[in-house]
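Single-structure report; data block below.
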Amino acid sequence: MGDTDKVVLVAGAGSSAPGWSIGKATSVLIAQSGAKVIALDCHADAARATAQEIERIGGTCLPLQGDITRPEEMDRVLQIATERFGSISTLIANAGIGKTGGIQETSVADLQRIQQTNVESLLLLSKRLIPGMIERGAGCIVSVASVAGIRYVGYPHLAYSVTKAALIQMTKLIAHEYADRNIRANTVIPGLIDTPRIQKNVGAVFSSSNDMEEVRKKRDAQVPMKRMGTAWEVAHAIAFLASDQASYITGTELIVDGGLTGKY
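With this note's numbering applied, the sequence shown corresponds to residues 2 to 265, in that order.
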């Protein structure tokens, strides 16, 4: 990004297990450019771990814990953040949860819970941040969706897929509504990415014994490039769309999937 005056809120900035998640890698990469980063995560330890990585490279980061589905918690988080850094210029909407399973395995409560995190959180944060972006004269939102939101990925993932599709469309609508206010909104669509999340959420789909070597081999084989992507490869795409290099890009999607969607 190269702009020290930017203040970037990364929602979902931590990692659910040791290793590099998309949110953690994105936070570090954006901080490397000189931007001030607010590392927001539902787990305080995960937010602090990301902040430690940023501080280790000489960057500036404020780790905050909060539930992005609760308006009162986001009001608290944003008050702390703006008191520290001023108005927020950029939102990276990376927080997301899922549940494998199709129609029979997905309850209405499952769908509502996942929609709150994957979709409604973008509405909640955008309503609060866009007025400040308008005052700044510019702003940027980058949502992180999934190929599951645009394609069937080989196994039933109903609630996750439906909510990621909604996230893509909401981001596009934000882009069109605020384009004349110099606020850009785009979506990065990752494919099969090798992050700590796969062991926690989808390992059992690919291996009855949750053998991660078997899981990785099967997921690698699905991709035309014959490997999963890394968190850093997705983070570079996010950082690009959040940067001034993408100043004329809005209302679109950047797919980072090793050619996976080309198979369908």
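Even glycine gets a Cβ: it sits at the ideal position worked out from N, Cα and C.
Classify LEU124 as buried or exposed, calling it buried when 16 or more other Cβ atoms lie within 10 Å of its own Cβ.
Counting from one through the sequence shown, the residue named residue 124 turns up at place 123. Around the C-beta of LEU124, fewer than 16 other C-beta atoms lie within 10 Å, and the residue is accordingly described as exposed.
Between the CA atoms of ARG77 and VAL109 - distance to the nearest angstrom
The residue you call residue 109 lines up with position 108 of the sequence shown. The residue you call residue 77 lines up with position 76 of the sequence shown. Going by the C-alpha atoms only, they are around 30 Å apart.
If we count the other Cβ atoms within 10 Å of its Cβ and call it buried at 16 or more, is ALA18 buried or exposed?
Residue numbering aside, residue 18 sits at position 17 when the sequence shown is read from its first letter. That one is exposed.
The beta strand (DSSP E) enclosing ASP42, as first and last residue numbers
Reading the sequence shown from its first residue, position 41 is the one you call residue 42. Residues 37-42.
Straight-line gap, HIS267 to GLY133 (C-alpha atoms, nearest Å)
Past the boundaries of the shown model lies residue 267; the chain is included only from 2 to 265, so the question cannot be answered.
Quick one: give me the first and last residue of the alpha helix (DSSP H) that LEU126 is part of.
By 1-based counting over the sequence shown, the position of residue 126 is 125. It spans 122-137 - the alpha helix (DSSP H) in which LEU126 sits, taken as one unbroken run.
Range covered by the alpha helix (DSSP H) that runs through ILE55
Residue 55 sits at position 54 when you count from the first residue of the sequence shown. Per DSSP, ILE55 belongs to the alpha helix (DSSP H) from 45-57.
Quick check on ARG217: buried or exposed, where buried means 16 or more other Cβ atoms within 10 Å of its Cβ?
By one-based count along the sequence shown, residue 217 stands at place 216. Classification for ARG217: buried.
Pull up the distance between the alpha-carbon of PHE86 and that of LYS25, whole angstroms please.
Reading the sequence shown from its first residue, position 85 is the one you call residue 86. Reading the sequence shown from its first residue, position 24 is the one you call residue 25. Those two C-alpha atoms are separated by around 20 Å.
Would the beta-carbon of VAL235 fall within 8 Å of that of PRO191?
Position 234 of the sequence shown, counted from the start, is the residue given in the question as residue 235. Position 190 of the sequence shown, counted from the start, is the residue given in the question as residue 191. Yes, they are a contact pair.
For THR51, would you say it is in contact with chain B, using Cβ-to-Cβ distances shorter than 8 Å as the test?
Among the protein chains of the structure shown there is no chain B, as only one such chain exists.
Nearest candidate by alpha-carbon position, reference ILE89, set ALA12, ALA180, ASP258:
By 1-based counting over the sequence shown, the position of residue 89 is 88. Nearest Cα to ILE89 within the set ALA12, ALA180, ASP258: ALA12.
Please state whether the Cβ-Cβ distance between VAL9 and ALA222 is less than 8 Å.
Counting from one through the sequence shown, the residue named residue 9 turns up at place 8. Counting from one through the sequence shown, the residue named residue 222 turns up at place 221. Not in contact: VAL9 and ALA222 (Cβ atoms no closer than 8 Å).
Candidates ILE81, ALA40, ARG49: which alpha carbon is nearest ASN95's?
One-based indexing of the sequence shown puts residue 95 at position 94. Cα-wise, what sits closest to ASN95 is ALA40.
Buried versus exposed, by CB contacts within 10 Å (16 or more), SER144:
As a working mapping, residue 144 is identified with position 143 in the sequence shown. So SER144 counts as buried.
Could you check which residue in ILE58, ARG71, ASP258 has the C-alpha nearest to that of MET229?
Along the sequence shown, one-based indexing puts residue 229 at 228. Of the listed residues, the one whose Cα sits closest to MET229 is ASP258.
So the candidates are VAL189, LYS128, LEU30; which of them puts its Cα closest to the Cα of VAL148?
Counting from 1 along the sequence shown, the entry for residue 148 is found at position 147. Ranking the options by Cα distance to VAL148, first place goes to VAL189.
Do you know offhand how far ARG49's Cα is from GLY252's?
Against the sequence shown, residue 49 aligns to sequence position 48. Against the sequence shown, residue 252 aligns to sequence position 251. Rounded to the nearest angstrom, the two C-alpha atoms are 32 Å apart.
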